[in-house]
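A.B. asks:
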Amino acid sequence: MEIKRGNTVVCDVYLKDNSYTVEEIMGEDTLTLNFLSRNVIKLQINDYIDFEGTKYKIRHNEKVTKRETSLGWEYTVMFYSSKYDLLDVEFFLHGRPERKKNFDYYTGTARDWLELFVKNMNRSGSGWIAGSCIESRMITLSFKDKKVGTVLDELIKELDSEYWISGQTMNIGRREYSSNGLVLAQGEGMGFTELEVSAVDDTPPITVLYPYGSDKNLGSDYGADYLLLPDGRLSIEKNVEKYGRIEKSMQFDHIFPKGEFAVTEKIDDYTLRASGMDFNLTDCLLDGVEVIVTFQDGGLAGYDLAIVEGSWDNDLKQFKLKQNDQENALKVPGDINFSVGDKFILTGLKMPQSYRDNASLQLQEEAQAWLDGKCEKRIQLRGKCDEIVFRLQNIFIACGQMVGVYSEQLDIDREIRVTKVKRYIEKDGTPSYRYELTLSDFLESNGFKDLVDDVNKMPEEIEDAVKPVREHTKRSWRDVMETLGMMFDPEGDYFTELIKPLAVHTAQLIVGTNSQQMELIGVKFIPNADNDANYFKNTAGKLVHFTVSEEIREWVIPSASFRLNNSLAYYVYAKCPKEGVNGSIYVSERQIKLEDETGYYHFWVGVLNTPEDGVRSWLPNYGYTEIAGQTITTGMIKDKLARLVIDLVNAKITAVNGATIEGKVTFTSGTSGYNNISDRPNLQPLYDGINNAQSAANNKARVFYQTTAPTSGMKTNDLWVDGVNIYRYSGSSWVLASKYDNTITEINGGLITTGAIAFGSTGGMAASGTIRIWSGGAAGANGQPPTDPTFSVDSSGNVVSNGTITANDAILLRNGQAGITGYGTSNSSIRFWAGGAVPESADFRVDQSGDVNVRMLNAISINGGTSNFSSIYLADKSWNNNYVNLFAAREAQGMEIQKTYQGVLDNIGKFIVMKYNPDATAYREISFFVRHFKSDTSWLFRTCIKASQLPSLVQINDLDTSGTKYNVKWDSATGLLYIE
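When we follow this note's numbering, the leftmost residue of the sequence shown carries the number 10, and every step to the right adds one.
1) Could you spell out where the beta strand (DSSP E) holding residue 784 opens and where it closes?
2) Using alpha carbons as the reference points, say which of 854, 803, 838 lies closest to residue 845.
3) With a threshold of 6 Å on Cβ separation, who are the neighbours of residue 73 within its own chain once the five nearest residues in sequence on each side are excluded?
4) Enumerate in chain order the residues of its own chain whose CB-to-CB distance from residue 988 is below 8 Å, with the five nearest sequence positions on each side excluded.
5) For residue 588, which residues in the same chain have their Cβ closer than 8 Å to its Cβ, ignoring the five residues on either side in sequence?
6) Do you know how far the Cα of residue 148 is from the Cα of residue 636?
7) With a threshold of 6 Å on Cβ separation, who are the neighbours of residue 935 within its own chain once the five nearest residues in sequence on each side are excluded?
8) Going by other Cβ atoms of all chains shown within 10 Å of its Cβ, with 16 needed for buried, is residue 8 buried or exposed?
9) Check this for me: beta carbons of residue 64 and residue 91, under 8 Å apart or not?
10) Quick one: which unbroken alpha helix (DSSP H) runs of 4-plus residues sit fully inside the region 135–219? Chain order, please.
11) Looking only at C-alpha atoms, which of 718, 248, 385 sits nearest to residue 424?
12) Measuring CA to CA, which of 739, 718, 820, 740 is closest to residue 731?
13) Which of the three DSSP states, helix, strand or coil, is assigned to residue 68?
14) Buried or exposed, going by whether 16 or more other CB atoms sit within 10 Å of the CB of residue 462?
15) Going by the beta-carbon positions, is the gap between residue 359 and residue 228 smaller than 8 Å?
16) Taking a contact to mean a Cβ-Cβ separation below 8 Å, would you say residue 810 touches residue 782 in this structure?
17) So residue 627 and residue 524 are supposed to be a Cβ contact under 8 Å. How far apart are they, rounded?
18) So the candidates are 766, 215, 543; which of them puts its Cα closest to the Cα of residue 250?
19) Is residue 547 closer than 8 Å to residue 530 when the C-beta atoms are compared?
20) Under the three-state reduction of DSSP, which class applies to residue 105: helix, strand or coil?
21) Expressed to the nearest angstrom, what Euclidean distance is found between the alpha-carbon atoms of residue 458 and residue 297?
22) Count the other CB atoms within 10 Å of the CB of residue 174; is the residue buried (16 or more) or exposed (fewer)?
23) Take residue 310 and list the residues in its own chain whose beta-carbon comes closer than 6 Å to its own, dropping the five residues that flank it on each side.
24) For residue 767, which option in 779, 786, 538 has the closest C-alpha, if you only look at C-alpha atoms?
25) Decide yes or no for the touch test of the region 375–383 against the region 153–160: beta carbon pairs closer than 8 Å, at least 3 of them.
26) What three-state label does DSSP hand residue 322 in the structure shown?
27) Drop a sphere of 10 angstroms on the beta-carbon of residue 470, count the other beta-carbons inside from all chains shown, and report buried for 16 or more, exposed for fewer.
28) Measuring only the C-alpha atoms, how far is residue 992 from residue 150?
29) Buried or exposed: which applies to residue 820, given that a residue is buried once 16 or more other Cβ atoms fall within 10 Å of its Cβ?
30) Residue 423 by DSSP, collapsed to three states: which one?
31) Let me know the secondary structure DSSP gives residue 597 once reduced to three states.
32) Can you tell me where the beta strand (DSSP E) with residue 46 in it begins and where it stops?
33) Could you round the C-beta distance between residue 270 and residue 283 to whole angstroms and report it? I think they count as a contact, below 8 Å.
34) Could you check the C-alpha separation between residue 965 and residue 944 for me, to the nearest Å?
35) With H, G and I counted as helix, E and B as strand and the rest as coil, what does DSSP make of residue 711?
36) According to the neighbour-count rule (16 or more other Cβ atoms, all chains shown, within 10 Å of its Cβ), is residue 925 buried or exposed?
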C-alpha cells in the first residue's frame, strides 16, 4: 500500500494481517496500518493514503510508532479520515472572516447550516460537497470563535439527529440502511463466531408518553394552556403489554400553531406585503399582546420584530415593522433589512383552527417517533464475523445498516443497527471479509473524539507513580480557581465582591445559600460518562427542598444525558416548576438566578469545569458547611484526588485504592477483636474448604507405572499403566480403561504425517494398505478403512464406486476428446461422446433418449435391441442427416431397408449394392434400386435389379445338368417375379 506526500510516493509498504479500518457513527473514522520495513521510514504529519475512495492522513506524530525487529522495523501508524479536518477550520457566517458586531449568531434550517459548513470547509480546502439532509425547523446557534466541527456538534444536538461524512460529502440525518433480509446468528455457518452483549442502557424503556407542545398562538378558547394531541388526547402508548406502564411527560416546545409566509412585496424598509396569508390578522389579535414577526431566512433571519399597532391592512395583507434600536445594537430594519422572498412566522396571536389542527398532528408525529425509539430495552452487541460465510455469500457491512440478529442464548430475534465497523485490510489488496461489528440501539458517543494519547510518558517508575498525583493536583487547583470565577449570587441578596483577607477570625462560618438547602435522593451525577469528557449524565430520583417555602417541597427528577462543548465550563441546575412535581436537570453555560424564569425555580446544583487532560471535574455545591468552634458540620469530606471520600450524610467511607489505618484499632462494646465486628465475613466456609481440600488430597487416585499388575497398596479408581494399556482398579480387580496408540502424528510446516484420518465413522484417509481414500462403510480400529467401502481410491490410483456417481457437468477422458456429460435435461441432451471436444458435434454421441450417432462403424455384429421395432439409422451428413433405415419390422420378422426420397441421386435410389473387386478390371456387381425413367412421369420410380456378367447355360450345366430351365417374368399387379 502506497503512503504519499503530496504527489510523491514516500514508500510502498507490505502490510501485516492486523491492519484495519474503524468507522463509528458519530465517532471514530480511522485506518491503522501495521507493516514491516527493512529501513527506517521518516513519516510526517499530512502524509496520506488512498483506500477504497477515502483519503486518510497522519494528524499526530505520536500515532506513528516503530520498534526494531530481527527483520528490520515494524511500524504501527494511525491515519485519520477527512472528517477530522472539521476540527481545523474556523466557522464564519458566510464562509469567510467578518468582524461585525452581532454577527455571531445564525438562524437556518439543517440544509442552510449544511451549505455553510461546506462553504467554510472549501475556504481552507476543496472538494467538499453537501449530501443528503433532513427537513428541519429553524435552528439558531452562536458560532463565535468556534470550529466547524464544534458548531456541527451543537446543531446535531439541537436536531436530536446524526451526521456522517463519506469522503468529502457531508450528510445530516439518521444513517440507516435496510437489512435486505440479512440475518446473522452465532454458530457454524451462521455469520458470527462470537457474539456478546457489551452494554445495556440503564434507562428503562418508556411505554407511555404524555407529550405537549408550546403555549404560543393557542388563544384563550383552546381549552388548554399547552398544545395537545389531536382530539385533546393526553398520551400515546407502545409496548405496555410487554414492559408495563413506564410513563414520561415531555414538552416539544418548538411545536405550536404557525404558518411560514413569504414577503411578496417590499413597500419600504419597514413595510411589507405577504399576499399568501390566508387569514385576517385583526381577527386573531390577543388583548395586550404584541404580534411578533420572526424571520426564518434572509438578512433578518433570527430577529424578532413587533408589528406596529394598527398598521395591518386585511385586504392588502400588509403591515409595518417596529424598528429595534436598542442601545449597542444594530438598527433593525435599517442596518440590515428584509427582501422579497424572505420567509417569516408570526407569534403573539391566536392562529386559526386549521393551523392549530396541523400543529397537533405535528406533535403526534414527532411524539410517536420519539416513543418508537424509547419503547424497547436498548442493548449493544459486539460480534466477530465468520470470514468464510461472509466470503461465500459476498457480504459487505457498512455503518448504519440494519441487520437481523438471532440468538436463543441472548434472547434476541430482531433487527439492530450497525453503529461501528472494524474491518481488516488484506495485504494483497483483495476485498476483505474479516469484520468485527458493534450493533446497538444507542450511540456510545456524539461528535468528534480526541484520539491523541499523551505522548510525554516518562519511563521512570517514580514518575509513573507521581505524575497522576501532580497533574491531578494542578487540575484540582485550576478547577478551584475556575469555580471561584463562576460563583454568583443565585438569590440576589448577597455581597458579590470577592474578599481576599490574609486571615479570617470569626465566631461562625456558613458556606451555602438558602436556595441550595436540598437533598437529591437517588440522583447520581456522572461526569466523563463513557470516558468522554463532553458527556454528562444523571440518574433518576427525587429532589427534596427544605427552605424554598414554609413546607418541604419535593420534585421528581428523571434521568437525562447532555453533550457538552469542550471549551466551556457549565452550571448544573435543577429546574423545578413552582406549581407541579416534575422537575429536571438543566445544564447551561449561563448564570441563572433562582427565580429568573417565570413559573420555575432554578436550584444551583453544581459546576462542571472545563476539561483538563481529557477529564472534566464535577463539583456539587448544594447543601451547606458550618464551622463553629471545634465543630464542622457538612455533608462530605474528600481529599483533593478524591481517593478517600467520607460521606457523612449516608455514613459511608469510600477508599478508591484502599486505605491504611495506622495504630491500634479498638472495637468497643465487649471483647475487642474480629468477633466483635457485627457484619464480619463468615470464615467457616473457608475453614471447611481447607479441610475438604486436605481430605481430597488424601484420597486422590494414584497411578502405577509397571509392566505387571500391582497386587497391593491400591484402592478404588487407582490407575495402572503397563506401557501399552491403561487399567482402573474397580475395588477388586484391574479392568481395562483405555489403550495406547503409539502412532505418531507429525506437523512439519505445511506437511501433516499420521496413520489415518477419519471423517466421522463413515469416511477417511489411510497412510498404508490398499485403500487410501474411502467413503461409505464403517471405520475400523484407529480409523482404518473397511475392506469393501462404497467408494474408494486404492494405492495405485484406481477409483472404485459401488454406489452412484453423478456428474452434473461432465467427466472428461484424457485429452477431452471423449467423456460423459450430465449437462441438459431434454431427450436430445448428449450423455456419451467421442471424437471431438464439443459433445453436441462429436463424431460419436449418445443422447438421453438412447439414440446413437456415429461417423464410421466397424463391427463384427450389430444388435439393434430386443424390441420388434428395433432399427438402425445410417445418417448421411452431406445431405442434412437424411438417412437409410435398417428396420426390423414386426410384420416382416426380418430386416427392411428404407431410404428417404431426399437420398435419391441422379434419379437412382439404391438399396443394396454388392460389389466384387470394385477397383480391378474384373469388376462385378449386383444391386437392387429404384430408378426414374425419362419416359415416365416425374414422380414414378421403377424397381430395378442390376447384375453384371451373369452365367450362361454352359456355366449352369457345369454345376448341375439335371435342373429344369424356366423363363422369368414379372407380374405388374403384385410386383413379383415368377417363372413359367
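Every residue, glycine too, gets a C-beta built ideally from N, C-alpha and C.
Bear in mind the structure is a predicted one, so any value in this text is a computation, not a measurement.
C.D. replies: In this structure, then:
1) DSSP places residue 784 inside the beta strand (DSSP E), whose first and last residues are 780–784.
2) Selected option, being the one with the closest Cα: 854.
3) Spatial neighbours of residue 73 in its own chain (CB-CB distance under 6 Å, excluding positions within 5 residues in sequence) are listed in chain order as 52, 86.
4) Residues 975, 976, 977, 978 of the same chain have their beta carbon placed closer than 8 Å to that of residue 988, with the five preceding and five following residues left out of the count.
5) Contacts found: 608.
6) Approximately 49 Å between the Cα atoms of the pair.
7) Its chain contains 923, 956 as the residues whose beta carbon lies nearer than 6 Å to that of residue 935, once the 5 sequence neighbours on both sides are disregarded; these appear in chain order.
8) Lying before the first or after the last residue shown, residue 8 is absent from the chain, which here runs from 10 to 989.
9) Cβ distance < 8 Å, so residue 64 and residue 91 count as in contact.
10) Those alpha helix (DSSP H) runs which fall completely within the region 135–219 and span 4+ residues are 157–168.
11) Residue 385 is the option with its Cα nearest to residue 424.
12) Residue 718 is the option with its Cα nearest to residue 731.
13) Residue 68 falls in the coil class under three-state DSSP.
14) A caution first: residue 462 carries a pLDDT of 35, below 50, which makes its placement in the model unreliable, though a value can still be read off. Residue 462 comes out exposed.
15) Yes, the pair counts as a contact, with Cβ atoms nearer than the cut-off.
16) No. Outside cutoff.
17) That pair is no contact at about 20 Å.
18) That would be 215, whose Cα lies nearest to the Cα of residue 250.
19) The answer is no: Cβ separation not under 8 Å.
20) In this structure, residue 105 counts as coil in the three-state DSSP scheme.
21) Residue confidence is low: residue 458 scores 37 on pLDDT, short of 50, so the model does not pin down where it sits. No coordinate-derived value is stated.
22) Its Cβ being crowded by 16 or more others within 10 Å, residue 174 is buried.
23) The beta carbon of residue 310 sits closer than 6 Å to the beta carbons of 116, 304 from its chain, once the five residues preceding and following it are set aside; these are given in chain order.
24) 786 is the residue among 779, 786, 538 whose C-alpha sits nearest the C-alpha of residue 767.
25) Remark: fewer than three beta-carbon pairs, one from each stretch, lie closer than 8 Å, so the region 375–383 and the region 153–160 are not flagged as touching.
26) DSSP places residue 322 in strand when its eight states are reduced to three.
27) Caution applies to residue 470, whose pLDDT of 37 falls short of 50 and renders its modelled position unreliable; the value that the coordinates give is listed next. Residue 470 is exposed by the Cβ-count criterion.
28) In the structure as shown, the chain starts at 10 and stops at 989, and residue 992 therefore has no counterpart that could be examined.
29) Residue 820 comes out exposed.
30) In this structure, residue 423 counts as strand in the three-state DSSP scheme.
31) Reduced to three states, the DSSP call for residue 597 is strand.
32) Per DSSP, residue 46 is one residue of the beta strand (DSSP E) stretching across 38–46.
33) About 5 Å separates the two Cβ atoms, so the contact holds.
34) Going from the Cα of residue 965 to the Cα of residue 944 covers about 36 Å.
35) In this structure, residue 711 counts as coil in the three-state DSSP scheme.
36) Residue 925 is exposed by the Cβ-count criterion.
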